[in-house]
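Comments concern the structure below.
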Amino acid sequence: FRLAVRMGDVDRARRLGLDLWNNEDNAATPSQRRDAALLLGAYLGAIGINDEALSLYRSLFQSSMNPDIQRDMLWRAGIAALRDGQYERARTNLSGLVSRQPTGDLNLAAQYWLAVAQEKNGDATAAAKLHATLASRYPYHYYGITARARFDELNGSIEISIPQSSPINFPSLSIDESSTQRAEYKAALALARAGLIREAAWYLRRLLDQHRGDRGLALLAARASAAGNQYASVTQILVTHFGPYLQRPAQGLPPDFWTLVYPRPFWQTVTDAAGEHGANPELLLSLMRRESRFDPEARSPVGAIGLLQIMPYTAEALAERAGVGYILTNGIDDTVLADPQVNIAISA
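Pasting the structure below:
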């Protein structure tokens, strides 16, 4: 089945996927059957066969009592219906999702796309109100920014204003005594004094897993991880422990807060390459953050390498133009391609 999907054999993928999902007598486990239906639904939706995808999502929703699975199916069905122009159906699914109070980014995404579905159904006032709420509550979040832009487009014909929200206050933080007495904390201090920052950060993150309510410890772990160039860990800590301050204006933020949120590693290399090739350095940095979390050693399952996840055949095609043709002398080497200067030059 998966091979048929990968090869683009629609008829065979549909037949095998539906057989896995519908035939309870086969050897597949319930989890395997559900995964097959999810993959088939995503595949059919991606190639424009949305009615069949929606039918699968409905069956998956009805077959599960798990609230998280039901939310996921409502989300998938809502977006598939929007793509297919079934706007009333999209509104029904997305309203159902919002009423089930999803958390995190799914909550904001569901509200934004519900507003889009409302607008498509001709209810521009309801759409504008929802966009205004998102823009007010989450002005720094992607969906808050996007909602603000859409609200501005709608507001020419609708008399609605975006409510003003007061800044939230960042708390005064200290590390709990229960954390400072732990062996992991003492080990982290000793390692930091010895200059072993990455190892110290590892112990702090390990301790934080056991003391999740200690925000002072969380901030220290984020700072140590940033000092050790472990930016994926920094992002995870900040999103988990300081999420609201990433989405709304706040007072009393630590001076280094936004530097932790938006680091600029390899900045000189980025600006040099961008200047030489006419690229936008901020765009390169954003791609780097997205593709590798600033890890030069990042490898993908399909063979992409380095900060900007360059495939070897891409490097071979672009190396001369990027000014790093010397890497072709002995054939493309993964270690050379992972070098930040080479990786960034090819990407620029």
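Start counting the sequence shown at 1; every next residue gets the next number (full-length UniProt numbering).
Note that beta-carbon positions come from the ideal geometry of N, C-alpha and C, so glycine has one too.
Would you identify the three-state DSSP class for residue i, choosing helix, strand or coil?
i	result
Ala-315	helix
Ile-47	coil
Ala-109	helix
Ile-162	coil
Gln-268	helix
Gln-62	helix
Asn-93	helix
Thr-29	coil
Tyr-138	coil
Thr-133	helix
Gly-41	helix
Asp-35	helix
Gln-118	helix
Out of the options, point me to the one whose CA is closest to residue i's CA.
i	options	result
Ser-136	Phe-151, Tyr-43, Ala-126, Pro-30	Phe-151
Ser-174	Gly-85, Gly-275, Ser-55, Pro-254	Pro-254
Lys-186	Leu-337, Tyr-112, Glu-297, Tyr-203	Tyr-203
Tyr-326	Val-342, Tyr-313, Asn-66, Thr-314	Val-342
His-141	Ala-110, Arg-248, Trp-258	Arg-248
Ser-166	Ala-222, Arg-33, Pro-139	Pro-139
Ala-273	Gly-323, Ala-315, Arg-290	Gly-323
By the DSSP assignment, the alpha helix (DSSP H) with residue i in it spans what residues?
i	result
Gly-17	10-22
Pro-67	67-83
Ala-183	183-193
Leu-173	Leu-173 -> no alpha helix (DSSP H), and no H or E assigned at all.
Leu-217	215-227
Phe-151	142-154
Thr-103	Here Thr-103 belongs to no alpha helix (DSSP H), and DSSP marks it neither H nor E.
Gln-210	197-210
Gly-348	Per the sequence presented here, residue 348 reads as Ala, with Gly not at that position. Unbroken run through Ala-348: none, as it is neither H nor E.
Within 7 Å: the Cβ of residue i and any heavy atom of the ligand ADP?
i	result
Asp-105	This structure lacks the ligand ADP, and indeed carries no ligand of any kind.
- Message: Pairs of beta-carbons, one from the stretch 266-274 and one from the stretch 231-251, closer than 8 Å: are there three or more?
- Response: no
- Query: How do the stretch 189-196 and the stretch 270-279 stand: do at least 3 beta-carbon pairs fall below 8 Å, yes or no?
  - Reply: no
- Task: Please list the segments of the alpha helix (DSSP H) lying wholly inside the UniProt domain "Transglycosylase SLT" (272-346), counting only runs of 4 or more residues, in order along the chain.
- Result: 281-292, 312-322, 334-338
- Quick check: the stretch 83-102 against the stretch 110-121, are there 3 or more CB pairs under 8 Å? yes
- Query: Does the stretch 35-52 come within contact of the stretch 5-13, defined as at least 3 CB pairs closer than 8 Å?
  - Reply: yes
- Taking only runs that begin and end inside the stretch 236-261, name each unbroken alpha helix (DSSP H) of 4 or more residues, in chain order. 257-261
- Would you call the stretch 164-183 and the stretch 209-221 in contact, with 3 or more CB pairs under 8 Å? yes
- Task: Report yes or no: do three or more beta-carbon pairs, one from the stretch 328-344 and one from the stretch 300-318, lie closer than 8 Å?
- Result: yes
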